[in-house]
Structures are given as C-alpha cells and as structure tokens.
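Report on the following structure.
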Amino acid sequence: MLTFQKLSYINLLRQVLVLFFFLCTSVINAQGTECRFAEAFCADANGSYKFPNSWDPNNPGDGNGPQAESGPDYGCLTSTPNPAWFYIQIEQSGDLFFIIEQNTSDEFDGEGLDVDFIAWGPFADTNSCNQLTSANQVPGSWSGGPPINNTTSQGCSYSGNDIESFNIIGATAGEYYILLITNYKNRAGWIRMTQTNLGDTNAGSTDCSIVNTNNYCEGEVVDLDATTPGAVSYEWLQDGNLLAETGPILTNVTAPSAVYLANALDGLGNFISSVEFIINFETQPIANAVTDMLQCDGDNDGLYLFNLESQSAQILGGLDPVEFPVTYHLSQADADANANAITSPYENTSNPQTIFARIENSKLTDCFDTTSFNIQVFDSPTANVVPDQLVCDDNNDGTSSFDLVGLSSLVLDTQDIAQFKVSYHISQGDADNDLNELISPYQNVSNPQTIYARIENVDNEDCYDTSFFVLEIFDSPIANPVDDQLICDDDNDGFWPLDLNALSTIVLGTQNTADFTVSYHLSQAEADTNSNAIASPYTNVAAYVQEEIFIRIENNNNTSCYDTSSFLFDVFDQPTAENVLYDLCDDATDGDDTNGFVNFDLASITPQVLGTQNPLQFNVTYHLNQADANTNVSALPLNYVNATANSQQIVVRVENIDNTDCYETALIDLVVYELPTTTPVVELFQCDDDADGFVNFNLTEANELISANYLNETFSFYTIQADAQNAVNAIVNPIAYTNTDPSAAPDILFVRTENTDGCFRVSQLELLVSTTAVPPAFQLYYEICDDTVIDGDDHNGVATFDFSDAETQIRNSFPLGQVFTIAYYETLDDALAETNAIPDISNHRNDASPNVQNIYVRIDSDIDNACLGLGHHITLTVNPVPEVIAVTDFIVCEDNTDGFFDFDLESKTSEVINGQDPATFVVTYHETQADSDTNTAALVSPYTNLTNPQQIFVRITNAVTGCFKSVVSFNIEVQEEVQANQNMPIFELCDEFGGNDGFAEFDLRSQDALVLDGQDSADYSVSYHLTQLDADLAVNPLPDVYQNITNPQTIYARVSDITIANSICWATTEITLQVDLLPIFDLDDEYLLCLDTNGTEVVDLPVLDTQLSDTDYSFEWSLNGVVLPTETASSLMPSEGGTYSVLVTNNATGCQNTDSAIVNESSPPIVTAEVTSLMFANNHVVEVTATGLGISDYEYSLDNGAWQGSNIFEHVSLGVHIITVRDKNGCGLATTSVLVIDYPLYFTPNGDG
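If you count the sequence shown from 1, position 378 lands on 377 in numbering that gives the first Met the number 0, and the numbers rise without skipping.
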C-alpha cells in the first residue's frame, strides 16, 4: 500500500505527494533517489515548492552517502552524493530562469548547504532515464561565482554555493526536463526551486498541476495524508461527494480516478486549509505468456534471424498495440527499465537465448508488465543413404529379423548420436509425420520390402530428414557334413586317388542341384571366396600327410548366401602281428603271490609283437578274445593280471595310430610259476645298552622267521634291495653284522629266498636299535603375552601357544635317525596312560592350567615298545598384560584460560598403572592410536594441547615381559576455573519448625549468592550435598528446603560451570547449619493467687518462674496482652489474676520463645448464716451464704463436723452453732455462728421426749 508519507513498492517505488498550502509555499515530503523514481517539480505564481533532500545519517561527512546510479552522463559533476531526482514539464513556451536552494531549515533561514545539479532535456515524456547522455544535457555549466539570472542556458553546476542558477532558453510547451540535485554536505535539509522571470516578456512557465496530480496503475492501493498542524478533524470529498473519513489519512484509495479534497478544521470546526489530491489510475497491462520460437538451422551455424514482432499478438492478448506498445530486450533488468530495446528481425547471439518482452501503458509507462520466451536454433540433420540390406535366410521362410538400430550409425554418419534420433518406418508418409515407428529388431512382411529412415533433432522433432533402403532375403544353403576320408593303403606307398564327385550327393542332401553349386578347396579362405576349386579324383600331395578338404555350397542367385564344411583326407599303412609266449613267476601284485595270478607287463612283449615295424607308427592293444580285438573294445590294461590261474591265452591287436581301421591281430600265451612261501618283513630287535646306537646281529636268525621251508631253500642277505633282486653284493658274514645307523631307525636289510624253479622272494629284514630316554636337564620354556584372541579375555592367563619347534629340538637331542613317536600331555597321569594327548602343539591353549602349564613329553620307540622316555620337559608361561582401566579425562581448570595448557601427562601414570608396580610398567602417551599401537612418537611433559579438548592415547608396557596394552585413551581439556566462597558464615536459624528439638528447615537457595561470591549465576550452578564425597561427585543434591539431621550440621556447597557440558571445573565449600534452640522453660498452666487473706490460707503466693538466667536471657511479661514494662526478670510474682505471658529472648542467638499461664484469683469466704425454718419446727434448716473472689469454691462444716459441699444444713438442733466455710483452693476459711430456737424435748422414760 502506498501512503503520502512513505515509499513502498508496487511495480516501481513511487512517492505520493501531499500538497499543503502554508504561506503560499507547497511542501513535498520526499523525492526519488533514482531516476526512475523522479518526482514532479515546478515553480509558478503561487510561489516555490520545497522537497526534503536526500542524506545518509549512517555515514556523516562531506561527500559521503550513496552516489547516483551508473549509466547517465553527469557532465560537470565530479561526484553525485545523495541524489534527488525530479522532472519538470513546460506549460508555456519561453525562457525559464530559476534559482535552486538547499538549506537546513524548511523556511530557508537556517544554514545553507552546497547545492549541485545537472539537467537533461528536452524529452517527450518522463520515461527517458535511458537517454541521459551528454548530447541531451541542458547546455551551460558553472563552477564558481555568485548565482545570477542571465540569458544564457545553464544546465549544470558544481560550485560550493548553496544557491545556484538554472536556466532553460527557448523551452517549448509540453516538453519534459529531468533534473538531478545532490547534497555534498550530506546533511538533512530542504530543496527549493524559484522561477525569477515570471511575468517577463518571453518568459515560459512550468506546469505545477503535475505536482499534486498523482498517476497510478490500476490495482495499486493508496493512502492520502492531509495531516495539518492545528487541525482536529477533517472533511474528505471524492469528486465533491462527502466521505465518512474524519481523520487526517484517507486509506485504501483505489481505482477509479478521482479528485480528493481534504478540508482541515480546528477544534471549533473552523476551516484552516485544504489539500487537493488529483489521483489518476491508468490501465495495468498484462504480458501474456508466449510460446518459445524454435527454428531449424539450414546451415547449422547456430544463428537465425527471428521476427520478434510475430510474438506481439500473443503478448498483447487483444490490447491495442498503439496504446500498449511492446518492446523486446535482452535482460529482465532492461525490460524493467525499458532500456536497450532490440529490433526485429533479431539474430540470436547465444543458443538458446532468452528474450524479455515489455508491454507498457503509453499514458503511464510505470504501468507495465514483462514476460519472456526463448529463441532457439536447432541443427538440421542429414539422413545418409543406407545400402540395401540383402540377407541370407536363416530358416528359408522368406522372412528375417533386421537390426534396424545397428543401421543408425550409417544414417547418422558423423552426426552426434546424442543430438539426433533415428527411427524407421514402413512408408514415406509415416517417416515424414513420425508415425508408426518400427521396433528393432524388425521382421519383414514382404520380400523384398522398402524401409524409410527418419533422422530428427532430439531437441526439435520438426528438424528432420529421411532416406530409404530395401530389405531382401535369400535362401541359405546347408553344407551337410562328410565323414573324414581315412584310407588304409593296400600297397603302403602313402598315396590314394579320392572321388570328390561321389561326395557331392552327401553335401547336397535334399537340396536342389539347380539352385545350389558344390565345390572343393584346399583352404577355408578359398572356400569362402570360391577360388581355386580342385578337380575329382583328387590324389593327396604328400604320403601319410593328412589334408583338410573344404566344401562350399552356394545359392546360385546370391552367392553371398553360402555354407562351408570340411573333412579330413589321409592315407595310412596296414600293420602285421607276431604270436608270443610270455611266462613269469607268481608275484604279489594282487596281494597274493601264491594263487597263480600275476601282473603281466604286456608292454614288455610289444617289441616281439611288432617285430621290425616302427613302434611310433602303430598302437598295440591286448584283448580277451578275437572279437574284442577285431572291434578294438575292452582293451586289457598293459599291467594285466591273468584271468585263469597259472596260464591264459589272449589276443593282441596292432593298429595304425593314425587310422585305427588299419590293423592286424595275433595270439599271446601267458604262463605263471609258483614262488617260495616267505614272510615279507621280519624284525630283529636290540636295545642299545651304551646309547651309541650300535649292536651286533646274527642275521641267520631271521631264516626260520622268513620261511617254514628254509631247509630246502637258499638265503642270502643284502644291504640294497636291488642287489637282493639281482643276487649281487651279498653280506659276507651274516652271523656278526653290526648295524650302520646309530639311531632308533631300523637298519634295513634284504633277504633273498630262492626255490628250485628259480623263483624267489625278497623279504625285508629290519634291525631295530632303540634309544628313548630324555636327559633330565633338557628343558624348553615358552612365554607369550595374554591376549583376547579366541576368548576375548586377556586377563585369564590363557593364550594360544605354538611350541611345535620343540619336536625338532627333542629329536635333535637323540642320535640322528632314531625312530620314535613323541606325544605331549598336560598331566603326568595322561602321559602314563597315553590318553588326552595334546592334538596340535602349534595351536595349543593352556585352558587347563592358566598362567603356567607343565607339558609332559612321552617318547615311544617305534621299533621296541619296551623302550620308553617320559618326563616334564616343557613349561608354558602366559605373561599377564598390564591391567588397564578407563582413564578419566585430564581436565584442568584455569582462570581466564585461553584454551591451551601445559599438561603434566605423567601425572596420569599412577592412575593408568592403577596400583601396579611402577618399576615394572612403563607408560607412554601419544597423539594418535597408531603411535600408541606402534610405540612411536611418545609425548613428553609438559605437553601443550593442540586442540581443546584433545584425545591422548595411552600405552602401558611391562618392561620385563614386553606385554602391553594400547586400548586406553583420555581427553585433555582446559576449562575455566570455578570459585566457591571459602569463608561462608554459619547459616543459623532459630528452631521455629516443629518441636524445639534442634531441627529446622533451611532455604539453601538463600545461600547461593554468598557461595558464588560475585560469580554470574547464569554461568554457574550451586548445589548442596550431605557429604564432601557427594559434592565432589555431584550426586544426591539436597532439596532447596532442607531439614538438618544433626545440630550443628556441616553440609557442602558445590559450584559447577554450566556453560560447558560435563564440565569438571567445580569448587566446594563447607556450610555450617546451626539450629538455635528457643529458650526452654515451662510455666504451669494455672496459678492461684489468694486475695484478702486472713491468715488461714494454706497456699503460698504464686511465682511464675522461667528458671532461666537473667544474664543469658531477656524477658518481657504481659498481662492480658498488655506488656508489663517493669517486669523484665526471669520470674514474676503476680499481684492480680489474669493471663500472663512471657517472651523470652536468648541474648546470644536472638531466638525467642513464649509461654503463658492463667493466674486465678481466689479468697477466703465472707460467711453469713441464717435459720430458714420456723422456730420450733420439726426440722431446723440452716442456710449458709459464702461469697469470695475469682474462682473461689467453698465447702461447709457445722460445728467442726464433716465437710460438705452443700450450704444447707438440716435437722440442726436448737442452740448456737458454729458454721465454718473454707476455700477449696486453699485460700483460707471463715466462721460464723447461728442460733436455732426450739423448745427442749421432755424427758421421758423411753427417752423419746
């Protein structure tokens, strides 16, 4: 909303002017600070108009303040601080001479301010801010001397004067001039322009109607401000019609245009002045949205001449183009300012490029709207020619699947696939209209068929081109396979004539010879190219050299539709075969060397079968029968065991390895002889008696161990099995043979037992010498650090040991080559019982014996069970890793800290070690976990932190074992120090809570300020605790209202820094809570004061005694609520009855207590008595009257008789009687006498009168 007092935005910042008529001077409240916000200015016969100037209160000083906008040519002005823009309209043609003034006073009687100005014109309208060039400046400039009226044009001045001359020569009615006035002094003030030649001949004039005529766009809301000094109420009229508004401001003024008049009235309703507002609303055009302009580029240079005017009709949407002109611009700013309009046709400078259109009301150019659209040029593609697609049919059905997408690269050629899209269509019309795009792969529907290719720009489908090509399908022949031609040569010369024509029928199969042609070639390439066909019959070129013959079959109508295959052509020799007798001694190949079955090495007789034939050319196989040999099936293994005991006939087949169809057969007789019956392995045992591993053996002791028929057989002994097999190098003295291996490993000898048929067996004779005892001094020790592997516990004394090298060390302690078994046990019992042996000494965990475990080694001879070694020879030790605990953060509190501190890291060592021996453990500190893990870059103290807080990593190492832990870290941090008042006064209360028992309720919060001792309670919190430990730990805070539990009681106040989360900076102080007992005394509830005593009272004078010290206490006594000023002692003797109270004050503590007692008055009676019966009555009655004071209560006695409560005595005898009345309270008694008159009874014998 616009008001006449402020600036605000609608389409442009605008000012609404308020015109006041005071002393013939009009005041205009503000001015435009930019050219586009220039305000109307004038000077006429009514006087001059004044405007507040522009200034910058935030940047005082000469020359300071915002400068005028860039763009205009400012002529003589070298600076333009605090600009104020105006425009004037010529009403009457002629010369105009003005003076321009700037002053601190709106009456222009204050301090003059330097006024500089420049003027441009003439212009046809005010919308000319883009035409402020040097060519359009009003001629004449001045920078010194006094301001004068002259006949010379003067349109610019930069002097230091506060009054300047501004002259326009030969102005024409209707012209506009734009005027800029600056404020070099940058002080608040007023600007005034006065025409000095009004009434002169040839004098022109300015139109002042524009000053109070305000033009707006429809839709704007305006407030009119007619505030007038002294006015109490206002009359508002719209086009002469009275409005309801009576205040100085008429709000929410909207279209239609009207003339508003405000009459200002004083408190009596008298007219003061009036203000007229001519408010004109012009049509606000709407710039309709417009479609983008898209063009195909014929030469693909990215440029095009666009007819921008063709967009105007869309933008106008039916508006009159004369009343609402449309201009086109290159930026939103230009469109908003109506600057730098471009002409049509327009060639784009970028692609795409945004064009901004402006539509404005020619009557009020501030009423405008803008829109934008893009102009864009798109490359025009070329559909390159695709060759016809001649395809061989894969199934000869006349159709084929075509990969149209694969042809797109041909259509595109070098065009960018990302920019252009290729599609395929069944007709030219579909291609032109981009309809019915074919899906790839595409199967033809006719043969042949024409396909149309379309290529289009993906950014503009209207930019396209087309081409076409033909799809045609031909039958594909099939080259049926021909078997390899492998010929057995009947004359073994290696050559053979091959009939190729006979094979063509096989190649063709059912295919028609009229449609397809078959040819033969010596290479695949010749077959593919149908070159160098060979004739039939064809004889191989080289003897016994295999050749490959290539077959080609092709479609006679499209020779590119062809198929090929091949076959091998080779010529082979025909072999011969010889009969053979093959005899062997029985053996144990089958596990039984007495059953007549042996393993015949048929390959060993192959040379006899072949004779002189080349063994490399022929393959020899053996078969059970002739049929198998003929068909070359079920060939026997070359290591063949005869199928019938002792003898069997088999058939041998000899075939050419290059052609197995070329073969011959012969008979083989297999014969098996019996072997001696022997024991394969026998042993002679000997325990070494001197531990050198050598003893003498009688080898012949083994004869009868080897054979039961040893007397009919021959035995010889050998050190090498081959010698035994070959019967060479027999041992010369078999009855005294010394073993050669001192170890427990056996000496291996071989015994040859031979029968009369020449068949023999070789037995193995093992000479065993055992040495198994381990020396007691042999001990192995293994130590490792406890770890978390497997069990996650590095404090249980259990770890994984690899003591597999013990095996080698133990074995190395025995003579080399001893054969024995070593087992390892966790207990001696297990070792003796050979149970629970350790399964894997390379991965053993000492679960059964944490920390230290003894391992028992058992050595058993592998050759003599009688020799045994057993003992504890291995000790496993798990060294503990250092104990680690979570280390508290190292936070120091420093007064006025800068966040950095020299930390004594070693001061944390005792906490890290946590009771462990400091002589054994080494603690180091590191900046990174990696440094801690690798024990590098240990930090030294004092250490200054790099960041605040900073994490420090700790490594603790056992200096003896090397075991370490590096999993601990803590933060070092510097925090602001906290203070707590260490001189807290005793917090003392009187015991006014409950019984006077030394317990009271303390408002602990009342001590906060004392504890903080000047520290800001917004930064620090105070809590109170029962114990120092609770205060240190900040736990179990006491309630704000706390009842002590002992008297006196010390509690602890803690001051904590609350500006840092989890701050450890705190301080504590002690506070003594003391409950001062109220004075302790107890008056009786009631006391008795006897008044008017007669000496018969039995009660002493009462004393109200507190039994307190007059020195230690002060006393204030009251009677019936009235203080007794003279009664200040610890006791009081009352002189009258009433309610007595005493206020006792402990002089040391000031604690007070009160008590009260009732002092009752009583007195001895005043007694009267009278006989109330008639004289001589049968029953004489005496009635006693007793009166007294206070609570007197009496009892009565007649003639010192028994006391009674009744004051009436009956049946009183005649005569004088003594009546005694006493106060039951003990305040005494009184007596009186009474005479009872009667006649005496007569004496009668029976005594009844």
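Built from N, CA and C at the ideal position, the CB exists for glycine as well. Note that this is a predicted model, so its numbers are computed, not measured.
| Asked | Found |
| --- | --- |
| Counted within 10 angstroms of its Cβ, other Cβ atoms place Thr630 as buried (16 or more) or exposed | exposed |
| Chain-order list of residues whose beta-carbon lies under 6 Å from that of Cys366 (same chain, five-residue window excluded) | Cys216, Glu281, Gln283 and Asn360 |
| DSSP state of Asn58 mapped onto helix, strand, coil | coil |
| Assigned exposure category for Val1233 - 16 Cβ within 10 Å defines buried | buried |
| Inter-residue CB distance, Asn1046 and Gln1073 (contact presumed, cutoff 8 Å) | 7 Å |
| Nearest candidate by alpha-carbon position, reference Glu346, set Ile358, Leu304, Leu315 and Gln313 | Leu304 |
| Secondary structure of Pro614, DSSP reduced to three states | coil |
| Alpha-carbon to alpha-carbon, Thr181 and Ala83 | 6 Å |
| Residues that DSSP places opposite Arg357 in a beta bridge | Thr326 and Thr369 |
| Thr245 vs Ser232 beta-carbon contact at 8 Å | yes |
| For Glu910, three-class secondary structure by DSSP | helix |
| Opposing strand residues paired with Arg551 [DSSP bridges] | Ser518 and Thr563 |
| Straight-line gap, Val1040 to Gln1027 (C-alpha atoms, nearest Å) | 19 Å |
| Runs of alpha helix (DSSP H) lying entirely within the stretch 791-832, each at least 4 residues, in chain order | 804-811 and 827-832 |
| Phe759 beta carbon near the ligand COA (any heavy atom closer than 7 Å) | Among the components of this structure there are no ligands whatsoever, and the ligand COA is therefore not found. |
| Simplified DSSP assignment, three categories, for Ser646 | strand |
| Three-way DSSP call (helix, strand, coil) for Gly405 in this model | helix |
| Residue closest to Gly203, alpha-carbon to alpha-carbon, out of Val973, Gly169 and Pro138 | Gly169 |
| Straight-line gap, Ala67 to Asn81 (C-alpha atoms, nearest Å) | 7 Å |
| Distance, Gly428 Cα to Val421 Cα | 16 Å |
| C-alpha distance - Glu682 paired with Pro775, whole-angstrom precision | 31 Å |
| Neighbourhood of Gly816 by C-beta distance below 6 Å, restricted to the same chain and skipping five residues each side | Asp740, Ser742 and Ala744 |
| Inter-residue spacing [alpha-carbon to alpha-carbon] between Leu767 and Val851 | 38 Å |
| Beta-carbon proximity list for Gln448, same chain, < 6 Å, skipping 5 on both sides | Leu470 |
| Residues that DSSP places opposite Tyr1023 in a beta bridge | Ala1052 |
| Option in Val114, Leu95 and Ile89 with minimal Cα separation from Gln101 | Val114 |
| Cα-Cα separation, Leu1037 to Leu1076 | 23 Å |
| Pairwise C-alpha distance: Tyr717 and Ala723 | 6 Å |
| Range covered by the alpha helix (DSSP H) that runs through Gly428 | Gln427 to Asn432 |
| Length of the line joining the Cα atoms of Asn697 and Thr737 | 9 Å |
| C-beta atoms of Asp785 and Pro917 nearer than 8 Å | no |
| Opening and closing residue of the beta strand (DSSP E) in which Asp333 lies | No beta strand (DSSP E) contains Asp333, which is instead part of the alpha helix (DSSP H) from Gln331 to Ala336. |
| Cα-Cα separation between Gln4 and Ala230, rounded to whole angstroms | Here Gln4 scores only 29 on pLDDT, less than 50, and its place in the model should not be relied on; the value that follows carries that caveat. Between Gln4 and Ala230, the C-alpha separation is close to 17 Å. |
| Option in Cys1064, Asp1099, Leu1142 and Glu1069 with minimal Cα separation from Leu1082 | Leu1142 |
| Thr528 - containing alpha helix (DSSP H), residue span | Gln523 to Thr528 |
| Check whether Phe50 and Trp189 have beta carbons under 8 Å apart | yes |
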